[in-house]
Structure formats: structure tokens, C-alpha cells
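These notes concern the structure reproduced below.
Now the structure itself:
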């Protein structure tokens, strides 16, 4: 059975304007590979209800899982929960379980539970809460859509709590070899190898280091026997590789 | 007249697997803002012909410009030129102008011009070459689709050559204020300000530094008078901001 597939949807004007360098997609992509979930798309969209609704509908229908990051805070531009509820046809209102979590958090800190903060307790009907061990305001899973915060340490904490609950497939294995040769000089050998191992993904990633051209050769697959056999051939073709 | 819009399409399995942390989209997004081109979407897709063709068709139709990064090297997984040509209905073959550039580059370096390297001279009919001052192999613009390399220093050099040729709009201006308050405690004031300045984009970006909560308040717009007026109100509302 093929591995489950996923898409990641990053929501926020600040990324599209170049103000913020996004890192949550990169973090989650690495975690998904380890769990045997194949990430097929990463998409960044603005804080625009219509665009978010369309992206959630498209990506949740096309993949086994959709993970979102951003737009669930207390301010006027935090519209992700509303958009996801609309996309999935769910009602959205303050939910007592989320409200209780926030109330306890603010009470313990002697901080006022304002109307703006109450906004973070708005959770769609039928959604399962995702724990936020950093700042309490929960994320949620609605169907196959997993809605998480954009602040990196909160996002990572939510992912750590969520992923063990999802069913993965065979973890993707990878082996890599670095050669100090230009990518164009390894192309023929790689093409031949790719032809002999159709189930492996064989990639080449050129780099320049201290004025010298080099290429990282990466071989990926889920079958350890194939990965080992392909990698042995790769080492034979590039004995100088490290 | 509203500013032209753009999308960025990043092509490569290595980003979706979490192996490589992508930086080209962040770099280009910042450059586009300065030129008054509004980036509305960033999408990362695998080295999969069908997926790339569909994304190029959708994003080039929806926006004034589509910029792509990755997949134009010499190896078997470099399929971007083929996919873009297919998406735009153009023929693709080795083109003499691109071949001459590569031939001169390799001759000057006493390097063999192999069949794998010739692959990088495959350019769609009707496309305009984008100069590559780093390693010669050109990118190209076909209609409103601008196809560039994925290697960061080559990508940046191509962007620097290309962008001055594109017509931009009014550059986006931004002013920001940092306050050492949690995002939820600034939400009400920001919402009120956003209501009074519908043409400005007002964002809030929480952070945690040395255990303290803080928020960056960012105000963006193309009209300097509105931006200044809005920012003056922001400073009045948050006199402690820096």
C-alpha cells in the first residue's frame, strides 16, 4: 500500500511579503518523512478568507492529510479557524472545552481573559483539540485538516503532540554521497541508475563551496534491500564520493 | 491601478522531503515587494511532470507573473523546461543561441560539452533567455512564466537580471513597531486601527524572547500619506513601542 500523502498550507501575508522567512513547512516536511507520510505540496497563501477556503477544500480533498500553520491568534487578521470551518461545512463558535483551557491558563497567570483572547476559543463543531503546551490556545483537527499556530515553537510543540496519533506508512529511507564534480558530469551515470531502479528516487543537488563545484547525490526509497543495492551501485560509479 | 500580482513555484522533491530548507522564495518575495509586484502565492511541488504542468497553467493564468525555481539542470530529474513548454503549448528543443552560450563557456574552461550538458540548451520556441552569469546555462521567460535555476546564487543572479525588465507598481511601504506585550493584549487596538484604515494592511507577529512575550506590529500600504497617518496613530496607541 502506498504511503499516505499530505499537503502543508502556510497562511500569512508576512511570508508572501518577504518579511518573515518561513521555517514551519521545512520542519514538518522532515517529520512527515520520518513517519512515512509523503508530503506532496507546500503552499503559502495570504490572510484572505476566499483564498484560504479554496486552498483548504482543494488540498484536503487531494491528500490524506492537510496541515495548516498560522492565523489562529487573537487579532483581526487571524481568520484561519473561520476559513477552515467554512471550507469543511462546520459551525464555528466559542467552545466550552477550549474556553476552559484558556480560562485556567489566564487565571494561573493572574491575566485578564479578554474578548480578544476569547476569540482563540472559537473551535469548529466536531473538531478534536490539538494541545498547545506553550501558550494554551489550542489548535484543532477537523476531518483530515490539522490547524496549528504559526509561531515556530508552538507549531513544533503541536506537531510533536499530533503526529504520533496519525497512521503513517513505511518510513522513507535515504542515503547520500557527496562528490566534488559538477552536476553535469554525473548526469549520465545517475540516469542509468534511475533506469535500473524505478522504485527509488534519485536526486542530485549541486553546490558551490570555496569556489569548487560539487554535487550531493541522494537516493531515497522505502524498501531497504533496494536502497542498499542502489547505494552500492552508486558508490561503485563514484568511488571518490564521501 | 492595482499592482501586478505574482506567484512563485518551487520545484523539487528535496524540499518536500525536508532535506533542503528552501530560501529562494523568501529572497524573491522580498525583491518583488520592493518593485511593487504583489506576491499572492508560493507553491512547492515535486519533480512530477503532470503536477508541474497543472501548476504552471493554473498560476500563470491567475497572476501577472509566475516565477519558477529548480529543475533546469542537466540530470534526469530536471524536467521543468519540458513541463513549462507543455503547459504553455510551446515546442521545446536544443536552441542554437543557448547552445552557443554553453559551448563558449565550456570551451573557455577546456571542459567537454557532453550530451548531458547539451540538455541545458533545450529552450522553448519563443522564449527569451535569462542570463546566468554564474554557470552560463540560461533560464528563460516564456509568456509570463520566468524559469530560473534552483541553486541559490544562480537563482539570485537571474532574478537581479530579470526584475529590472518587468513593470512594477507602487512599491509597498512598511513601518513597524515592537512592543513587549502578548499579541492578545494588542488585538483590540489593532482591530480598531484596521477599521479606520481599510487600505492599509496591519499585521501582528508574536515572538518570545528571553522568556518574555512580544509582538511586532507591522503596517503596510502603497500610499505614503496613509502609511504615515496610520503609523502616527499606532505610536499613540502604543507609546512604549520601539
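Protein chains in written order, with UniProt numbering: chain Z, 1 to 242; chain G, 1 to 242.
C-beta atoms are modelled at their ideal positions from N, C-alpha and C, and glycine is treated no differently.
Remember, predicted model here, so these are calculated numbers, not experimental data.
- For a Cβ distance threshold of 9 Å, residue set 12, 14, 19, 20, 150 and 151 of chain G lies close to residue 205 of chain Z, ordered along the chain.
- Using a Cβ distance threshold of 8 Å, residue 132 of chain G and residue 69 of chain G do not count as a contacting pair.
- At least one beta carbon of chain Z lies nearer than 8 Å to the beta carbon of residue 29 of chain G.
- If you look at residue 93 of chain Z, you'll find it in the beta strand (DSSP E) that goes 92-94.
- Here the alpha carbon of residue 212 of chain G sits roughly 41 Å from the alpha carbon of residue 3 of chain Z.
- Counted as a single uninterrupted DSSP element, the beta strand (DSSP E) harbouring residue 207 of chain G occupies residues 201-209.
- Each of G:234, G:221, G:60 and G:208 was checked against the Cα of residue 88 of chain G, and the nearest Cα belongs to G:60.
- Residue-level contact check: residue 44 of chain Z touches chain G, since one or more beta carbons of chain G fall below 8 Å from its beta carbon.
- Close partners of residue 103 of chain Z in chain G (Cβ separation under 7 Å) are lacking, with about 13 Å as the shortest Cβ gap.
- Here residue 113 of chain G has 103 and 106 as same chain residues with Cβ atoms under 6 Å from its own Cβ, once five neighbours each way along the sequence are excluded.
- Membership of residue 128 of chain Z in any alpha helix (DSSP H) is not indicated; the residue belongs instead to the beta strand (DSSP E) covering 128-130.
- Listed as beta-bridge partners of residue 42 of chain G by DSSP are Z:44 and G:8.
- Rounded to whole angstroms, the Cβ separation of residue 11 of chain G and residue 71 of chain G is 4 Å, and the two are in contact under 8 Å.
- Here residue 29 of chain G is buried: its Cβ has 16 or more other Cβ atoms, across all protein chains shown, within 10 Å.
- Look at the beta carbons and you see the region 27-42 of chain G touching the region 160-172 of chain G: at least three pairs across the two are nearer than 8 Å.
- Apart from sequence neighbours up to five positions away, the residues of its chain that approach residue 186 of chain G with a beta-carbon distance below 8 Å are 179, 204, 215, 217 and 238, ordered along the chain.
- Per DSSP, the continuous alpha helix (DSSP H) segment holding residue 52 of chain G begins and ends at 49-62.
- The beta carbon of residue 167 of chain G is closer than 8 Å to those of 4 in its chain, skipping five residues each way along the sequence.
- The beta carbons of residue 63 of chain Z and residue 40 of chain Z sit closer together than 8 Å.
- Below 8 Å, too few C-beta pairs join the region 144-151 of chain G and the region 190-197 of chain G to call them touching: fewer than three.
- Contact between residue 220 of chain G and residue 201 of chain G holds: their C-beta atoms lie close to 4 Å from each other, under 8 Å.
- The DSSP-derived three-state label of residue 3 of chain G is coil.
- Judged by their CB atoms, residue 159 of chain Z and residue 140 of chain Z are not nearer to each other than the 8 Å cut-off.
- Burial of residue 55 of chain G is indicated by the presence of at least 16 other C-beta atoms within 10 angstroms of its C-beta.
- When Z:19, Z:42 and Z:21 are compared, the shortest CA-CA separation from residue 14 of chain G is found for Z:42.
- The beta carbon of residue 75 of chain G sits closer than 8 Å to the beta carbons of 116 from its chain, once the five residues preceding and following it are set aside; these are given in chain order.
- At a cut-off of 8 Å between beta carbons, residue 158 of chain G makes no contact with chain Z.
- With fewer than 16 other Cβ atoms from the protein chains shown falling within 10 Å of its own Cβ, residue 240 of chain G counts as exposed.
- The alpha carbon of residue 206 of chain G has as its nearest neighbour, out of G:226, G:177 and G:100, the alpha carbon of G:177.
- Going by DSSP, residue 123 of chain G is part of the beta strand (DSSP E) stretching over 122-124.
- By the neighbour-count definition (other C-beta atoms within 10 Å, threshold 16), residue 145 of chain G is a buried residue.
- At a cut-off of 8 Å between C-beta atoms, residue 56 of chain Z does not count as an interface residue with respect to chain G.
- Between residue 225 of chain Z and residue 173 of chain Z a beta carbon distance of about 10 Å is seen, past the 8 Å cut, so the two are scored as non-contacting.
- The alpha-carbon of residue 233 of chain Z is positioned some 51 Å away from that of residue 49 of chain Z.
- For the region 67-98 of chain G, the set of residues with a beta-carbon nearer than 8 Å to any beta-carbon of chain Z comprises 73, 74, 75, 76 and 77, in chain order.
- In terms of beta-carbon proximity, residue 225 of chain G stays away from the interface with chain Z, with every pair separated by 8 Å or more.
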